[in-house]
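Numbering-wise, UniProt numbering puts 142 at position 142 of the sequence shown, and it's gapless, one number per residue. Beta carbons are placed, not taken as given, at the ideal position from N, Cα and C, and that holds for glycine.
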Amino acid sequence: MKKNIIYLVLIIIIGVIAFVPGVKESLKDQFFPIATIENAVHVSEEDYDIELKGINAPNTNLKAFKNKPVFLNFWGTWCPPCRKEWPTIQKLYDSRKGNVDFILIAMNDQEDAVRKFLKENNYTVPVYFAQSPISEKILPKVFPTTFLIDQHGRIIIKEDAYRDWNTETVHQFIDNIIK
1 MKKNIIYLVL IIIIGVIAFV PGVKESLKDQ FFPIATIENA VHVSEEDYDI ELKGINAPNT
61 NLKAFKNKPV FLNFWGTWCP PCRKEWPTIQ KLYDSRKGNV DFILIAMNDQ EDAVRKFLKE
121 NNYTVPVYFA QSPISEKILP KVFPTTFLID QHGRIIIKED AYRDWNTETV HQFIDNIIK
């Protein structure tokens, strides 16, 4: 009888973690660091060489952001999880744009659709289209994909899914990499 109760409690706990929105992310943020700096993958000089056409920012090359902390996000207006995380990215941008450069690259999208999406939602985070090939090291396999890269080119965070970017954990990562 005791075994059955223990199993039932474990099943309920697992169910809550798996199915209650926000519980899984909260536990992940608290107990599992996203990446350790010592083992971080480095973005090389060649990886940074991506010509970027600005949608709501001037044209540039990703090389201009080398040696700076960068929030790099690959997304599309056609991607529901991408659209869902945009409000949290905008809030993070509003509070940390002086500490980190934000580069959001629209993928497999139409310029008109991106401009309309930004305007309708009053989003001001810098958005670009890649005009040259993207290195395999940072080329997304799924959308959204986000990297937080420190000033030494180390990938501190890599997230291959929707994430709430306006959390205390992310703010702490940013605060730590700009020191």
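- Collapsing the DSSP output to three states places Leu139 in coil.
- When C-beta atoms of the segment 74-88 are compared with those of the segment 140-152, three or more pairs fall below 8 Å, so the two segments count as touching.
- Residue pairing by DSSP places Thr145 opposite Phe74 in a beta bridge.
- The residue among Asn56, Asn61 and Ile5 with its C-alpha nearest the C-alpha of Pro133 is Asn61.
- Partner residues in a beta bridge of Arg115, as assigned by DSSP, do not exist.
- Taking each of Phe65, Asp49, Ala57 and Lys3 in turn and checking the Cα distance to Asp150, the smallest one comes out for Phe65.
- Taking 4 residues as the shortest admissible run, the segment 78-112 contains the following complete alpha helix (DSSP H) segments, listed from N- to C-terminal end: 80-96.
- Under a 10 Å Cβ-count criterion, Asn73 is classified as buried, with 16 or more other Cβ atoms of the shown protein chains found around its own Cβ.
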